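Enquirer: Got a structure for you, questions after.
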Amino acid sequence: MPNFTVDQIREIMGKTDQIRNMSVIAHVDHGKSTLTDSLIAKAGIIAGDKAGDVRATDTRADEKERGITIKSTGVSLYFETDIADQKEVKPYLINLIDSPGHVDFSTEVTAALRVTDGALVVVDYVEGVCVQTETVLRQALGEKIKPVLFINKVDRGILELQVDGETMYQNFQRVIENANVIISTYECDDMGESQQVDPTNGSVAFGSALFGWAFTLTRFARVYSEKFKLDILKLMQKLWGDNYFSPAKKAFVTDDMDGTTQLPRCFVQFIMKPVITLCRNVMDGNYDIVWKMTESLGIQLKHDEKQLTGKLLMKCIYQKWINAAEALLEMIVMKLP
Ligand code: GDP
4 MPNFTVDQIR
14 EIMGKTDQIR
24 NMSVIAHVDH
34 GKSTLTDSLI
44 AKAGIIAGDK
54 AGDVRATDTR
64 ADEKERGITI
74 KSTGVSLYFE
84 TDIADQKEVK
94 PYLINLIDSP
104 GHVDFSTEVT
114 AALRVTDGAL
124 VVVDYVEGVC
134 VQTETVLRQA
144 LGEKIKPVLF
154 INKVDRGILE
164 LQVDGETMYQ
174 NFQRVIENAN
184 VIISTYECDD
194 MGESQQVDPT
204 NGSVAFGSAL
214 FGWAFTLTRF
224 ARVYSEKFKL
234 DILKLMQKLW
244 GDNYFSPAKK
254 AFVTDDMDGT
264 TQLPRCFVQF
274 IMKPVITLCR
284 NVMDGNYDIV
294 WKMTESLGIQ
304 LKHDEKQLTG
314 KLLMKCIYQK
324 WINAAEALLE
334 MIVMKLP
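Counted from 1, the sequence shown has number 9 at position 6 by the working numbering; the numbering is strictly sequential.
Next up, the structure:
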């Protein structure tokens, strides 16, 4: 069942400030098709529990066979949110063009880019920025398209590589730096403001397209804003970089040594730690801890959802907690022209 009507779409088609024309660009296999499916699931075309498995944009037989995307496909997404001005819930129409990531098909990429104003750049957390990331990013900037970044496959860092929050932060930092080096090399001077991506202004998201979860600093700053009595934009600055929270001083500090104890940076303490801990406890089957955490995070699970185990349970919990489509569509609406 679609969760929008033709009339709703027709109405916003006249309001250009509520329309985003964008494409998803990535190195092959970094998860573009999987991600596109999550976004489409949110707009109501595919059922939510199938998100990530369907490959809705791979419509041709040869694409399904080879497991890659060859032709560009266009999909319209309908999304209602209040984030742009924090007051009023407005509908947005997001026209999403999924273009191929393979080098052989770069004319298709250029054609897709011509009709868009923004691009969601998907980079694999494990592989980092690759050759084709640079090629498509260069093409996008050449067409004066504004980029936002999504670091995908973070689940692999947690489950396969078993890295800690600090290592993850360092990896994120490296991916962002590499992307920004490319952006500063190819951005046009006449684009006005700098096109650099920056977690502290909400133009970088982290997550797992496969399991349908993602977050930006905006997402967590909104949650913690009340607790720290700090406005969202100020708190986002604290949630990245060399910022720490001293329990003794009950204040944010920039020195990681609190007496003799070393503090974790805020990003690790307030974001990565809950994300990693919940994920590992679900996978290890420590349900007492899991139900405690879901309750304190305000995640409501139905009786039959509580019967799920392993990756299915992880997917279910994380989609309710930090839904990928919500975070990414919000970022697209807020950050892309
Ligand atoms: P594309 O070539 O960029 O469209 O990439 P796909 O969406 O086809 O993904 C390539 C492979 O990576 C597939 O096997 C996906 O299942 C896998 N994949 C995509 N996103 C994730 C993710 O978030 N986590 C993990 N572990 N695998 C993913």
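Idealized CB from N, CA, C, for every residue including glycine. Fair warning: this is a prediction, and the values are worked out from it, not measured in the lab.
Quick one: is the Cβ of His33 within less than 7 Å of any heavy atom of the ligand FAD?
Expert: As presented, the structure is devoid of the ligand FAD, carrying the ligand GDP as its sole ligands.
Enquirer: Quick one: what does DSSP say Glu83 is sitting in, helix, strand or coil?
Expert: If DSSP states are grouped into helix, strand and coil, Glu83 belongs with the strands.
Enquirer: Considering Val278, what are the terminal residues of the alpha helix (DSSP H) in which it resides?
Expert: It spans Lys276 to Asp287 - the alpha helix (DSSP H) in which Val278 sits, taken as one unbroken run.
Enquirer: Would you kindly check if the distance between the Cβ of Val151 and the Cβ of Gly210 is under 8 Å?
Expert: Cβ atoms of Gly210 and Val151: not closer than 8 Å.
Enquirer: Excluding five sequence neighbours on each side, which residues of the same chain lie with their C-beta closer than 8 Å to the C-beta of Ile235?
Expert: Excluding residues within five positions, the ones whose Cβ falls inside 8 Å are Thr221, Ala224, Arg225 and Ser228.
Enquirer: Do Tyr81 and Leu140 have their C-beta atoms within less than 8 Å of each other?
Expert: No. Outside cutoff.
Enquirer: So is the beta-carbon of Leu213 under 7 Å away from any non-hydrogen atom of the ligand GDP?
Expert: Checking every heavy atom of the ligand GDP against the Cβ of Leu213, one is found closer than 7 Å.
Enquirer: So which of Leu266, Leu331, Leu300 and Leu339 has the shortest CA-CA distance to Val278?
Expert: Per the Cα distances, Leu300.
Enquirer: Could you work out which residue in Glu329, Trp324, Tyr290 and Met296 is closest to Leu311 when comparing CA atoms only?
Expert: Measuring from the Cα of Leu311, the nearest candidate turns out to be Tyr290.
Enquirer: Could you give the distance in angstroms between the alpha-carbon of Glu163 and the alpha-carbon of Val132?
Expert: Glu163 and Val132: Cα-Cα distance of roughly 20 Å.
Enquirer: Measuring only the C-alpha atoms, how far is Asp258 from Phe231?
Expert: Asp258 and Phe231: Cα-Cα distance of roughly 19 Å.
Enquirer: Just reading off the alpha helix (DSSP H) that Ala251 is part of, what are its end residues?
Expert: Run containing Ala251: none; DSSP gives neither H nor E here.
Enquirer: Given this structure, state the Cα-to-Cα distance separating Lys149 from Val124, to the nearest angstrom.
Expert: Their Cα atoms are separated by approximately 10 Å.
Enquirer: Please work out which residues of its chain come closer than 7 Å, Cβ to Cβ, to Met171, disregarding the five sequence neighbours upstream and downstream, and give them in chain order.
Expert: So the qualifying residues of the chain are Gly160 and Met275.
Enquirer: Sorted by chain position, which residues of the same chain lie with C-beta nearer than 6 Å to Gln199's C-beta, five sequence neighbours on each side aside?
Expert: Same-chain partners within the cutoff: Asn183 and Ile186.
Enquirer: For a test of your reading of the model: does the CB of Phe41 fall under 7 Å from any non-hydrogen atom of the ligand GDP? Yes or no.
Expert: Checking the sequence shown, residue 41 turns out to be Ser, not Phe. Ser41: no, Cβ never under 7 Å from the ligand GDP.
Enquirer: By Cβ distance below 6 Å, which residues in the same chain neighbour Val293 in space, the five residues on each side in sequence not counted?
Expert: Cβ within range, chain order: Asn284 and Val285.
Enquirer: In whole angstroms, give me the CA-to-CA distance for Lys253 and Trp243.
Expert: Computed Cα separation, rounded: 18 Å.
Enquirer: Buried or exposed: which applies to Ser197, given that a residue is buried once 16 or more other Cβ atoms fall within 10 Å of its Cβ?
Expert: Counting Cβ neighbours within 10 Å, Ser197 comes out exposed, since fewer than 16 surround it.
Enquirer: Assign Leu152 to one of three DSSP states: helix, strand, or coil.
Expert: The answer is strand: DSSP assigns Leu152 an E or B state.
Enquirer: Would you tell me roughly how many angstroms separate the C-alpha atoms of Ile100 and Pro267, rounded to the nearest one?
Expert: C-alpha separation (whole angstroms): 40 Å.
Enquirer: Nearer than 7 Å: is that true of the beta carbon of Lys318 relative to any heavy atom of the ligand GDP?
Expert: No, the Cβ of Lys318 stays beyond 7 Å of every heavy atom of the ligand GDP.
Enquirer: Should Cys319 be labelled buried (16 or more other beta-carbon atoms within 10 Å of its own) or exposed?
Expert: When all chains shown are included, Cys319 counts as buried.
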